[in-house]
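Taking it in order: structure first as structure tokens, then the write-up.
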Amino acid sequence: MNSNLDFLQLGVTLAAIMTAIASLFAVLTVWGGTKKLPISHMVSFIGYPRSGKTTLITSLFSEIFAQRILRGVNITPRGEETIKRINEDIARLETGRDLAPTTDQDLFNYRMEMLTGRIFLSRRYKVEIGDFPGEDSQNLSDKDPDWLHSTRYFQWALNADVFLFIIDLAYLSDPESDEAKKYRSTITSSFRAAWQKIKDHHYDGARKLRNNPIVIVFTKLDLLFDLQNPDTQNKAKNLTNSPKDYNKPVPMDAKEIMGKEDQIKEYFQDIIGYLKSETNRFDMVFSSTFAREKNHDARFGMERLARSVLPG
């Protein structure tokens with residue numbers, strides 16, 4: 001009798017174990033199937049022509065590939081166009097050549113796959129970084145402050161997950177000049193209207209977008225530390241993206257940078273205050289493709305930029 005009871009209990013125990021294993025297997029199967037589907041993550045760069053957007057994106061990829069930033073994060077470019085564009089542009093920078101302009105016809109999106117975490121905690125993302133087609137819009141932007149909102153690129157940017165607003169510091173070689181004041185006024189009204197159109201595009205936009213990162217990125221910071229050079233103001237006025245020596249980024253002093261950053265924040269306080277009030281995830285990044293932080297190999301601002309805009 002006891003023998004039969006023991007056998008019955010053993011059978012019940014084995015059945016329970018098998019059921020638990022089957023349940024675990026089912027959960028892992030569903031979980032694994034979900035993990036195979038990458039999470040979409042769209043990043044939009046919004047700014048005026050020749051503000052350094054393409055150079056900034058190219059430098060970001062260059063720093064990642066060289067493992068100067070985001071060490072250990074697996075990032076793989078996807079698609080022939082992206083692979084070709086990235087490597088050609090990096091080669092241009094490294095050999096002192098201008099980057100090819102991004103035209104209205106391009107509407108170029110950099111596509112890549114990003115893997116974060118380890119084993120069971122890993123996540124796979126399908127990342128798209130939109131490069132604003134600024135070059136062919138130069139004449140239009142000079143005439144119409146609202147040119148940005150009518151472009152095809154902006155229609156794509158409406159549905160992005162992260163919004164970067166690019167401010168070109170080349171205009172601040174003389175902050176009191178009419179040119180600098182006009183630029184400040186133009187981007188303030190244009191960026192404010194752009195964000196309002198993005199909110200208007202989304203149902204219940206104010207609540208939906210509060211957890212989407214908004215980042216103001218200041219480019220060409222190195223120009224503000226070289227004003228004694230007679231060529232600097234000419235470069236700023238011409239607004240060219242011609243590289244200096246990409247292979248020898250100039251080290252920048254942290255204390256001096258902090259003073260400049262405070263001045264810049266005060267100068268652009270209206271648009272900073274507005275965009276900061278619109279999100280729970282606001283950040284500002286000061287960047288330079290041709291400078292690096294002292295005691296750090298990475299180009300200035302690239303680590304912070306990457307962590308501000310990429311998932312994980």
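If you use UniProt numbering, the sequence shown corresponds to residues 1 to 312, in order.
Note that the Cβ used here is the ideal one computed from N, Cα and C, for glycine as well.
Across which residues does DSSP place Met42 in a beta bridge pair?
Answer is Glu128, bridged to Met42.
In angstroms, rounded to a whole number, what distance separates the CA positions of Asp174 and Asp262?
Roughly 16 Å between the two C-alpha positions.
Assuming Ile166 is part of the beta strand (DSSP E), what are its boundary residues?
First-last of the beta strand (DSSP E) with Ile166: 162 to 168.
At which residues does the alpha helix (DSSP H) containing Phe191 begin and terminate?
First-last of the alpha helix (DSSP H) with Phe191: 178 to 201.
For Val309, which residues of its own chain have a beta-carbon under 6 Å away from its beta-carbon, when the five flanking residues on both sides are left out?
Excluding sequence neighbours, Val309 sits near Val43, Val162.
Does the separation of the CB atoms of Ile90 and Thr116 fall below 8 Å?
In this structure, Thr116 does not lie closer than 8 Å to Ile90 by Cβ.
Specify the secondary structure class of Tyr110 as computed by DSSP and reduced to three states.
Here Tyr110 sits in strand by DSSP.
Buried or exposed: where does Gly301 fall if 16 or more other Cβ atoms within 10 Å of its Cβ makes it buried?
So Gly301 ends up on the buried side.
Does Ala66 pass the burial test, meaning 16 or more other C-beta atoms within 10 Å, or should it be called exposed?
Its Cβ having fewer than 16 others within 10 Å, Ala66 is exposed.
For the beta strand (DSSP E) holding Asn74, just list the boundary residues, first then last.
That run of the beta strand (DSSP E) goes 74 to 77.
Rounding to the nearest angstrom, what Cα-Cα distance links Pro213 and Ser40 in this structure?
Approximately 15 Å between the Cα atoms of the pair.
What is the rounded straight-line gap between the Cα of Leu224 and the Cα of Trp156?
Approximately 33 Å, taken between the alpha carbons.
Which value, in whole angstroms, describes the spacing of the CA atoms of Tyr203 and Tyr267?
Spanning the two alpha carbons is a distance of roughly 33 Å.
Can you list, in chain order, the residues of its chain whose CB lies under 8 Å from that of Gly79, leaving out five sequence neighbours each side?
For Gly79, where only same-chain residues beyond five positions count, the Cβ hits under 8 Å are Arg111.
What do you get for Met258, buried or exposed, if any count of 16 or more other CB atoms within 10 angstroms of its CB means buried?
With fewer than 16 other Cβ atoms within 10 Å, it is exposed.
Could you check if Leu93 belongs to the surroundings of the ligand SAM, using beta carbon to heavy atom distance under 7 Å?
As for the ligand SAM, it is missing from this structure, which has no ligand bound.
Cβ of Phe191 within 8 Å of Cβ of Phe165?
Cβ atoms of Phe191 and Phe165: closer than 8 Å.
So, for Asp270: in the same chain, excluding its five sequence neighbours on each side, which residues have a beta-carbon less than 6 Å away from its beta-carbon?
Hits under 6 Å: Thr188.
Measuring only the C-alpha atoms, how far is Tyr48 from Met284?
Between Tyr48 and Met284, the C-alpha separation is close to 18 Å.
What whole-angstrom Cβ distance do Ser287 and Leu275 have, given they're in contact under 8 Å?
About 17 Å separates the two Cβ atoms, so there is no contact after all.
Whole angstroms is fine: what's the gap from Ile64's alpha carbon to Pro77's?
The alpha-carbon atoms of Ile64 and Pro77 are separated by roughly 11 Å.
So, with DSSP's three-state summary, where would you put Thr151?
Coil, per DSSP.
If you reduce the DSSP assignment to three classes, tell me which class Phe290 lands in.
Correct three-state label for Phe290: coil.
Are the beta-carbon atoms of Ala194 and Leu148 separated by less than 8 Å?
Cβ distance < 8 Å, so Ala194 and Leu148 count as in contact.
Roughly how many angstroms separate the alpha carbons of Val73 and Met114, rounded to a whole number?
Each residue's Cα considered, the two are about 7 Å apart.
When burial is assigned at 16 or more other CB atoms within 10 Å of the CB, is Pro249 buried or exposed?
It is buried - the Cβ of Pro249 has at least 16 other Cβ atoms within 10 Å.
One question on the structure: do Glu303 and Ile69 come within less than 8 Å of each other, judged by their Cβ atoms?
Against a cut-off of 8 Å, the Cβ pair of Ile69 and Glu303 comes out as a contact.
Using CA coordinates, which residue listed in Asp222, Phe282, Gly273, Tyr246 is at the minimum distance from Asp253?
Among Asp222, Phe282, Gly273, Tyr246, the Cα nearest to that of Asp253 is on Asp222.
Among Asp178, Leu172, Leu37, which has the Cα closest to the Cα of Thr219?
The shortest Cα separation from Thr219 among Asp178, Leu172, Leu37 belongs to Leu172.
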